[in-house]
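See below for the structure under consideration.
Next comes the structure, spelled out in structure tokens:
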């Protein structure tokens, strides 16, 4: 399921086409009909995943920026690296965090086999 989520696929069936735009996810999987937001606030976890990935990317950018420019790291360059990471990474990873969180949520709360 997690692998499917990392590829922006449905965690249940592996179907694609889950997004109408880069930042807009469909309510249901077009292949199997799985409802992604099964309860109110489901995607708070996706938000947390996105924030964690963004913070990690910022850390890597800043550590590399400092390490590669020692002994006198340019502060302006570090500010630009941190700001770019904080803006670009969450927009790029948003769809992936939604589908990954759908997979995690499905693993924690499996579908009920009874109708």
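Numbering (this note's numbering), first residue to last: 65 to 179. Heads up, the beta-carbon is just placed ideally off N, CA and C, and yes, glycines get one too. Predicted model only: the values in this text are computed from it and were never measured.
- Note on the region 98 to 166: whole alpha helix (DSSP H) runs with a minimum of 4 residues are 108 to 133, in chain order.
- Partner residues in the beta bridge of residue 85, as assigned by DSSP, are 88.
- Here residue 175 carries a coil assignment [DSSP, helix/strand/coil].
- Listed in chain order, the non-local C-beta contacts of residue 84 below 8 Å within the same chain comprise 90, local neighbours out to five positions each way being set aside.
- Contact between the region 86 to 106 and the region 130 to 148 is absent, with fewer than three C-beta pairs closer than 8 Å.
- Considering only 176, 149 and 100, the residue with the shortest C-alpha distance to residue 114 is 149.
- For residue 69, the uninterrupted alpha helix (DSSP H) segment begins and ends at 66 to 70.
- Cβ neighbours of residue 67 within its own chain (closer than 6 Å, five residues either side excluded): none.
- For residue 134 against residue 75, the beta-carbon gap comes to about 44 Å, at or over 8 Å, which does not count as contact.
- In the structure shown, residue 168 falls within a helical segment according to DSSP collapsed to helix, strand and coil.
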